[in-house]
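Heads up, the thing below is written out as structure tokens.
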Amino acid sequence: LNDLPTASRESLHILDNVREPGALADLIESNLPVSNESKQEVLETLDVRDRIRKVLDQVQRQNEVLRVKQEISTMVEEEMSSSQREYLLRQQVKAIRRELGETDVDEDEIEALRERIALSGLPSDAEQSAKRELRRMSNMNTASSEYQVARSYVEWLADLPWKKSTPDRLDVTQARTVLDEDHFGLEKPKKRIVEYIAVRKLRRDGRAPILFRRDGRAPILCFVGPPGVGKTSLARSIARAAGRQFVRVSLGGVYDEAEIRGHRRTYVGAFPGRIISGLKKASSNNPVMILDEIDKLGRDPRGDPSSALLEVLDPEQNNQFTDHYIDAPFDLSKVMFIATANQRSTIPSPLLDRMEVIEIPGYTPREKRSIARDFLVPRQLHEHGLSIERLDFSDEAIDVMIESYTHEAGVRKLEQQAAAVCRAVAVRLANGEDVSIMADPPFIAEVLGAAKAKRQKPERSARPGVATGLAWTPAGGDLLFVEATRMPGTGKLHLTGNMGDVLKESAAAAFTFVRARAEDLGLAEDFVSHIDIHIHLPAGATPKDGASAGVPLYVALASLLTELKVRPDVAMSGEITLRGNVLKVGGIKEKCLAAYRAGVKRILLPKRNEPDLEEVPEEIREGIEICLVSRVDEILGLVSVAGPTSAPAAAE
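The sequence shown: position 44 = 44 (this note's numbering), numbered continuously.
As structure tokens, then:
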């Protein structure tokens, strides 16, 4: 009673003296905290019973409100007391640590980490790990190494883009425009990227069938081609066309599995792998990530990084990729992986099976000229602070740089030569000269010096025992010369020229085939009884291997023994069998490019490679006569100076 206001206490005394029900109801209603409308309603009620009922209803409602307020007040008081108790305990812990000479834990830092974890959108497993580490940190000395390890781990969890992604730019026309602006040609990879963007657009619009919609899954492409053809820069253009972040992970020389999966936190200096580090750098869970030089992965007793990549590049598994350091599954299915390699043969088969391989062959001289004119020269002029008025390149000057100063399938060396010319002009301009130069072949020779490219050319004259083959190398196609000679002996076959085992077997098969067809070639059955054969492949310091040299080896041997003069402008490639069949070989486009650059007029290729000719540029198909053969008996008539001759057909 003493806690009530004075007016309320006086009302209680009056209530003790009121005996009439109507007056009692009016007195109670006048002291209730209700609206004037409610009070007016009670006054207008003339029946005493009804008036008392209305007042009782309002009293009950007020009692319920007071009960709820009391409960809330009690809860607030308990919460405040709990917070105060926790605060006091923390202060006591700090005081104890000060007495022990220990450094106080920075509560502000831990709270900041806790807020970052709450805002980062971690999955449940990672969030529990982060909270557990934060609890451990609160009981550690900040100067201890364990504290720093735990802090680094929590920061990695907070910084990873668990739910951060960039919106895809799904405009097919715009994507094609961006790709054409950055690269000349490369129609096949451009077509594949445009198809991917089109499919993503259908998924987003909901026009793809439900059974076939796998939202978020990105393709895993592998660009295979010689150096300098634009594999890495094409991946960068894909990222720009799709509106995604770009991350490059170099795999050349990586031999430790931990470089991919990361180190376990129990080791000193542990760190996440390159995949997780790349995602942190991109700040997005759907970047374009290029795995550069995937064919140059190493291996050592500590692990096989190519095996660790199997999970990364498998669309069925990479949505639960677990890095040893993070120790929590991360979804990689939204990442668009693009691998690059110079040759397919050195990529492990299980890894190759998970990727869609797109061949990017070398360029023709005409394509190189267009690339230099539209891309390389303007870029070098800009980088060297020059304008087109100060320096310009004629088409003849570009052709001279292509033919005399570079020998490559790509355009990297060509850009370096253009940069050298720009530097020479920049020096003259910096010295105060008024420079305005149209670079022509004499100016190129003055700046770059003597021709540096030693391009292989076919023989100038027809002669027996010499044949020109076509070889594939990681740097593109090239000519392969075969020389054969004979000497007195006992039928031995000598092979030189740094040949591999497969190439030696091809030479043995060609020699055996010639001996077996001695009668058809007009040779005596015992012609080898008094001679030795020596086959040599020039450029002996360069390793050579493969079965595609079977045809030029046969031509060199047969022409030597029959004194048949071989046309110097004919090149050939194909594997032969003892039954006389010509089998399919690889690298057709690269080999045709090499023949075209060398001035070859006729090419002999296996009949089974006819579908591969679709990838050969029309410029080459029109400039070179391509002859397809399926039997060895058809070859000599196509390579001899005398022209086609009738050769007896051999039985299968």
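The beta carbon of each residue, even a glycine, is placed where N, CA and C say it ideally should be. For clarity, every value in this text was computed on a predicted model and none was experimentally measured.
Beta-carbon gap between L604 and V641 smaller than 7 Å: For the 7 Å CB-CB criterion, L604 and V641 do not form a contact.
Alpha carbon of D256 to alpha carbon of S306, nearest angstrom: For D256 and S306, the distance between alpha carbons rounds to 10 Å.
8 Å contact criterion, which A150 and E127 should meet: CB distance rounded: 15 Å between Cβ atoms; not a contact.
Backbone CA spacing between A175 and A419 [nearest angstrom]: Roughly 30 Å between the two C-alpha positions.
K201 beta carbon less than 7 Å from that of L170: Using a Cβ distance threshold of 7 Å, L170 and K201 count as a contacting pair.
Pair within 7 Å by beta-carbon distance, V288 and R248: No.
Sub-7 Å separation of V514 and L557 beta-carbons: Going by C-beta atoms, V514 is nearer than 7 Å to L557.
Own chain, CB closer than 7 Å to R51, minus 5 neighbours either side, in chain order: So the qualifying residues of the chain are G22, A25, V42, T45.
S250, DSSP secondary structure in three states: DSSP places S250 within a strand segment (E or B) once states are collapsed to three.
W472, DSSP secondary structure in three states: Secondary structure at W472: strand, using DSSP grouped into helix, strand and coil.
Cβ-heavy atom distance, L310 to the ligand PLP, below 6 Å: Ligands displayed in this structure: none; no statement on the ligand PLP is therefore possible.
H534, DSSP secondary structure in three states: Strand at H534.
Length at least 4, wholly inside the stretch 385-450: the alpha helix (DSSP H) runs in chain order: Listed in chain order, they are 395-404, 412-430, 441-448.
Coil, strand or helix - P329 by DSSP: Three-state DSSP puts P329 in a strand.
Span separating the alpha-carbon of P301 from that of E181: Roughly 46 Å separates the two Cα atoms.
L122 beta carbon less than 7 Å from that of I156: For the record, residue 156 in the displayed sequence is Trp; it is not Ile. Going by C-beta atoms, W156 is not nearer than 7 Å to L122.
With 16 other Cβ atoms within 10 Å as the buried cut-off, status of D354: Going by the sequence as given, residue 354 is Arg instead of Asp. It counts as buried.
Rounded separation between N286 and A341 - CA only: Here the alpha carbon of N286 sits roughly 23 Å from the alpha carbon of A341.
Nearest-angstrom beta carbon gap, V582 and V655 [assumed within contact, 8 Å]: Outside the shown range of the chain (1 to 652) lies residue 655, about which nothing can therefore be said.
Stretch pair the stretch 522-532 + the stretch 496-503: three plus CB contacts closer than 8 Å: Flag = no, the stretch 522-532 and the stretch 496-503 do not touch.
As assigned by DSSP and simplified to three states, the class of N581: DSSP, read as helix, strand or coil, puts N581 in strand.
Inter-residue Cα distance where the pair is K296 and P348: Straight through space, the alpha carbons of P348 and K296 are spaced by roughly 10 Å.
Spatially closest choice to A112 from A158, E146, M487, F393, by CA coordinates: Here the closest residue by C-alpha is A158.
Contacts around L493, its chain only, beta-carbon distance under 6 Å, and the 5 residues preceding and following it disregarded: F511, I533, listed in sequence order.
Environment of V65 [buried if 16+ CB atoms lie within 10 Å]: Residue environment: V65 is assigned as exposed (fewer than 16 neighbouring CB atoms within 10 Å of its CB, all protein chains considered).
Given D440 as reference, the closest of D392, G476, V411, L470 once Cα atoms are compared: When each option's Cα is compared against that of D440, the closest is D392.
Neighbour-count burial assignment, R49, 16 or more Cβ in a 10 Å radius: Result: exposed.
Range covered by the alpha helix (DSSP H) that runs through F337: For F337, there is no enclosing alpha helix (DSSP H); the enclosing beta strand (DSSP E) has its first and last residue at 336-341.
Close Cβ partners of A282 (< 8 Å) along its chain, the five nearest in sequence each way excluded: Only P161, Q245, F246, V247, M289 meet the Cβ criterion.
E359, DSSP secondary structure in three states: Shown here, E359 sits in a strand according to DSSP, grouped into three states.
For V229, the three-state DSSP class (helix, strand or coil): Coil, per DSSP.
Endpoints, the alpha helix (DSSP H) within which I260 is located: In this chain, the alpha helix (DSSP H) harbouring I260 covers 258-261.
For V570, the first and last residue of its enclosing beta strand (DSSP E): V570 -> beta strand (DSSP E) spans 570-572.
Contact belief for P606 with V585 at Cβ below 8 Å, rounded distance in angstroms: Contact between P606 and V585 holds: CB atoms are separated by about 6 Å, below the 8 Å threshold.
Cβ-based neighbour list, E415, same chain, cut-off 6 Å, excluding 5 preceding and 5 following: For E415, where only same-chain residues beyond five positions count, the Cβ hits under 6 Å are L376.
Per DSSP, the bridge partner or partners of D300: According to DSSP, which records beta bridges pairwise, D300 is partnered with G303.
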